[in-house]
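Novice:
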Amino acid sequence: MSYIQAEHLRKTFTVRKKREKGSLLREKQTVEAIKDLCFTVERGEMVGYIGPNGAGKSTTVKMLSGILTPDAGQVTVGGRIPWKDRREHVRHIGVVFGQRSQLWWDVPVQDSLDLLKDIYRIPEEDYRNRVKELTEALEMEALLRTPLRQLSLGQRMRAELCGSLLHRPELLFLDEPTIGLDAVSKLALRDFLQWENRRHGTTIMLTTHDMEDIVALCPRVMVLGHGSKLFDGTLSSLLGRYDTVRTVSVRYEEADAKPDLPETVPVNREGENLTITYSPDSYPTAELIAKLQQAGTIREMTMQPQNIDHLVAAMYREMDL
Amino acid sequence: MKAYLSVFRLRRRLETQYRGAVLGGVICQMFFGIILIAIYRALYAGKPQEYPFSQIASYVWLQQAFFRMLLASDPDLLDKIRTGGIAYDLCRPLSLYGFYYVRVLAQKMMGSLLRAVPMLVFAVLLPEGWGLSAPASAAGFCWALAGLLLGLLCVSAMENITMGFTMRTLDSRGMQGLMNLLMMILAGNVLPLTLFPDSWQKVITLLPYAQMLDAPIRLYTGQTLPAEAPRILLIQAAWILILTGAGMFFWNRNQKRIVIQGG
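Read top to bottom, the protein sequences are chains A and B. Using numbering that gives the first Met the number 0, you'd call the opening residue of the first sequence number 0 and step up by one each time. Using numbering that gives the first Met the number 0, you'd call the opening residue of the second sequence number 0 and step up by one each time.
(1) By DSSP, does residue 113 (chain A) sit in helix, in strand, or in coil?
(2) In chain order, what residues of the same chain lie with their CB nearer than 8 Å to the CB of residue 252 (chain B), ignoring the 5 residues before and after it?
(3) With C-beta atoms as the reference, is residue 318 (chain A) less than 8 Å away from residue 241 (chain A)?
(4) Going by the beta-carbon positions, is the gap between residue 107 (chain B) and residue 68 (chain B) smaller than 8 Å?
(5) Need the endpoints of the beta strand (DSSP E) that residue 37 (chain A) sits in, please.
(6) Using DSSP with H/G/I as helix, E/B as strand and the rest coil, what is residue 231 (chain A)?
(7) DSSP three-state label for residue 58 (chain B), please.
(8) Per the DSSP calculation, residue 248 (chain A) is bridged to which residue(s)?
(9) For residue 98 (chain B), list the residues DSSP reports as bridge partners.
(10) Would you decide whether residue 25 (chain B) is buried or exposed? Buried here means 16 or more other CB atoms lie within 10 Å of its CB.
(11) Should residue 72 (chain B) be flagged as near chain A, meaning a C-beta pair shorter than 8 Å?
(12) Nearest-angstrom Cα distance between residue 220 (chain A) and residue 285 (chain A)?
(13) Going along the chain, which residues of its own chain have a beta-carbon closer than 8 Å to the beta-carbon of residue 132 (chain B), five neighbours each way excluded?
(14) Kindly say whether residue 86 (chain B), judged by its beta-carbon, lies nearer than 8 Å to any beta-carbon of chain A.
(15) In chain order, what residues of the same chain lie with their CB nearer than 8 Å to the CB of residue 199 (chain A), ignoring the 5 residues before and after it?
(16) To the nearest whole angstrom, what separates the beta carbons of residue 178 (chain B) and residue 161 (chain B), a pair I think is in contact under 8 Å?
(17) Between residue 262 (chain B) and residue 176 (chain A), what straight-line distance do the alpha-carbon atoms span, to the nearest angstrom?
(18) Does the beta carbon of residue 117 (chain A) sit closer than 8 Å to a beta carbon anywhere in chain B?
(19) The beta strand (DSSP E) spanning residue 334 (chain A) covers which residue range?
(20) Does residue 167 (chain A) get closer than 8 Å to chain B when you measure Cβ to Cβ?
(21) Which of the three DSSP states, helix, strand or coil, is assigned to residue 45 (chain A)?
(22) Run through the stretch 125-154 of chain B for me and flag every whole beta strand (DSSP E) of 3 or more residues, listed as ranges in chain order.
(23) Out of A:243, A:304, A:271, point me to the one whose CA is closest to residue 298 (chain A)'s CA.
(24) Would you say residue 120 (chain B) reaches chain A, if we count a Cβ-Cβ gap shorter than 8 Å as a contact?
(25) Is it buried or exposed, residue 19 (chain A), if we count other Cβ atoms within 10 angstroms and call 16 or more buried?
(26) Beta-carbon separation of residue 204 (chain A) and residue 46 (chain A) under 8 Å?
(27) Which of the three DSSP states is assigned to residue 96 (chain A) in this structure?
(28) Determine, for residue 90 (chain A), whether the minimum Cβ-Cβ distance to residues of chain B falls below 8 Å.
(29) So residue 94 (chain A) contacts chain B; which residues on that side make the cut at Cβ distance below 9 Å?
(30) Compare the Cα-Cα distances from residue 277 (chain A) to each of A:269, A:264, A:268 and report the closest residue.
(31) Should residue 336 (chain B) be flagged as near chain A, meaning a C-beta pair shorter than 8 Å?
(32) Does the beta-carbon of residue 23 (chain A) have 16 or more other beta-carbons within 10 angstroms, so that it is buried, or is it exposed?
(33) Tell me the rounded alpha-carbon separation between residue 89 (chain B) and residue 139 (chain B).
(34) Any beta carbon from chain A within less than 8 Å of residue 103 (chain B)'s own beta carbon?
(35) Per DSSP, which one or two residues make a beta bridge with residue 146 (chain A)?
Here it is in structure tokens:
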């Protein structure tokens, strides 16, 4: 049996809307946040969970962590049903909600961690070792005695992670952990997550909108849209379907140079630069280069795959999300 | 148990950090105390009195000193409920009710103690008829302390019920306004309960609000004799059980239908 097993999960919410003019009552609408979701996750896996805003990602995480009760369906995490036995379940999991804070705002980080030690009944020695290990890996020894409110966002996120991992959870949920972080903090966070996964075999489920997070961390991706699972597999196989277009940027010595290309290959002029988008499958690259050279003296030329965000956007579009 | 104790300690320590607020509260409550006593003195001047006036002055001072115990909610907790920060609290292997209860308890206890001590010192120094008199008897004082402790448990349980409503309405103001109004009047903060008509008092003193501060104050001033104290404490204990039980039931129901909105 897999570590996480979700079968036919369903959850609907009722949304009350502002009443329309002329009607007395507010309109009620039920929104199916999750419809018939099934998946499994093995112990030690790192799974990226993506989908546009409102797809039901956070709802799934809340159901798996025992905060929400689904309307129908079954979930077991390590043999436990999260919402039935909430207190026993949460002892084994860690959660980071990127937009909320679990540490106490007005007291030094160390005090919040001490409190978590008592809440999770971590033995003193184990606690000391773990704090040392985590603070070293997260490079935050210096932050322990600072009140949380005085930390920067990146520092705070590291402290939050430390708090969520103190009790050595088997499973870690990360809900947009890199939101608002600068490049250095993001990279450090990714390194840390990889380290934690490798060293302790922690199962990690990551929801994010930052595709770089997924590329760096998750061999497996699940795509959620309108409450259903649309894809489950490796990131490369997912993107392979959409990664069909290349962009070429050219600058000529002559200002008015214009390559003679067929209509299917659009050319955009931005100042001195020409941007050409083409698909290698339908228009041979060799022919394109030949045409470009005929048009004038090339001063500069770059060729790029499409930005990953564009690919994801194309994918969401095709899946009608 | 240790976990709840740690939460209690940390929250208690937090309360000591807002020293400016303590000073402001003390000055405000002193002002109220003096004004109220001045009003009662003016009303009673030259009229036959059922109780010695010093008892009423003591009543007013004790009410003002422990004002914070009655009327103060934890803005952090209400914020957590409103913004969904409560999601993290649900990820702890603790009873949600207990987790919030100890925080409320710590805040009310430490918050009111910090204010009560300087205020009571001030009130003792005022002249007879204006200030706080000594307790009626040593036994009465001890019973009053026990009663105050039970009153604290009672008021915390009540606060948790108010918070339970906040979980449903997502805005604390409506229900809290109503509960605070009831509290101010029925706990004796606006007018000492001893000044209500006798027939009213028979009912009012049985309500939960009278158990919070009125009951221990009466034990202090000697209006309730030490011989009656066990009965009073029993009524307090009964209300604690009822309010805590109702609160737990309410919270458990809330927890099942909780929806943390947004990402």
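Positions of the beta carbon are idealized from the N, C-alpha and C atoms, including for glycine.
Specialist: Based on what the coordinates show:
(1) helix
(2) none
(3) no
(4) yes
(5) 26-40
(6) strand
(7) helix
(8) A:274, A:301
(9) Paired residues: none, contrary to the question.
(10) buried
(11) no
(12) 35 Å
(13) 53, 54, 56, 57, 220
(14) yes
(15) 167
(16) 5 Å
(17) With a pLDDT of 49 at residue 262 (chain B), under the threshold of 50, the modelled position of this residue cannot be trusted; read the value that follows with caution. Computed Cα separation, rounded: 12 Å.
(18) yes
(19) Residue 334 (chain A) cannot be examined here, being either before or after the span of chain A that is shown, 0 to 320.
(20) no
(21) strand
(22) none
(23) A:271
(24) no
(25) exposed
(26) yes
(27) strand
(28) yes
(29) 86, 87, 90
(30) A:264
(31) Here chain B covers residues 0 to 262 and nothing more, so residue 336 (chain B) does not appear.
(32) exposed
(33) 43 Å
(34) no
(35) A:107
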